[in-house]
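Residues in the sequence shown are numbered from 263 upward in steps of one, following the working numbering. From the three backbone atoms N, C-alpha and C, an ideal C-beta is built for every residue, glycine too. Quantities reported herein were computed from a predicted structural model and do not represent experimental measurements. See below for the structure under consideration.
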Amino acid sequence: VWALNQKYILLPINNWDAEYERVNLGGITCDGQDYYNQEAHMNSVFMPKTRKVQYLGFFNTGAYQEVLSGYGGIHHCLLPSPKHVIIRRNRDETFNFEVFGEEQNSKQVLKILGYS
263 VWALNQKYIL LPINNWDAEY ERVNLGGITC DGQDYYNQEA HMNSVFMPKT
313 RKVQYLGFFN TGAYQEVLSG YGGIHHCLLP SPKHVIIRRN RDETFNFEVF
363 GEEQNSKQVL KILGYS
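Below you can see the structure in the form of structure tokens.
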């Protein structure tokens with residue numbers, strides 16, 4: 263219950279140079295607490311207006327998100343473990359991206375739960 267009404271930092275990872283538009287975002291948790299809109303969060307949510315692939319980052323979720331998806335383990339609402347990416351900023355101000363762990367698929371989640 264402690265995580266209800268928590269405000270997490272949500273930022274676009276790419277397409278920063280695109281025009282922005284107000285959006286409503288929703289996820290797949292069973293409690294409906296992953297719905298982001300102006301009414302629920304007191305501030306409008308803006309994302310790049312683009313038809314390209316858009317990646318979003320939810321920051322400072324810490325253990326809460328790990329509990330929901332359980333990296334490689336138990337899953338709340340059958341949420342798969344998300345892709346884990348390490349981002350490093352180089353001295354020349356460029357960035358390196360490294361995939362630490364791929365996102366789980368439904369077959370992997372069901373296998374963990376004893377279904378094969």
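Three-state secondary structure assigned by DSSP to residue i
i	result
V315	coil
L375	coil
L379	A query on residue 379 cannot be resolved here, the shown segment of the chain reaching from 263 to 378 and no further.
Pick from the options that is closest to residue i, judged by C-alpha positions
i	options	result
K369	D354, S378, V361	S378
F308	G288, Y282, V361	Y282
K347	F320, V371, G288	Looking at the sequence provided, one finds Val at residue 347 rather than Lys. The shortest Cα separation from V347 among F320, V371, G288 belongs to F320.
P344	V361, L287, K314	V361
I275	D354, N352, R353, T312	T312
L375	G288, F357, R284, L340	L340
V285	Y270, S306, F357	S306
G363	F357, I349, L287	I349
Contact check, residue i vs residue j, beta carbons under 8 angstroms
i	j	result
Q316	P342	no
L318	L272	yes
N352	K314	no
Residue i: first and last residue of the uninterrupted beta strand (DSSP E) it sits in
i	result
E283	282 to 285
I348	346 to 351
E360	357 to 363
I271	271 to 274
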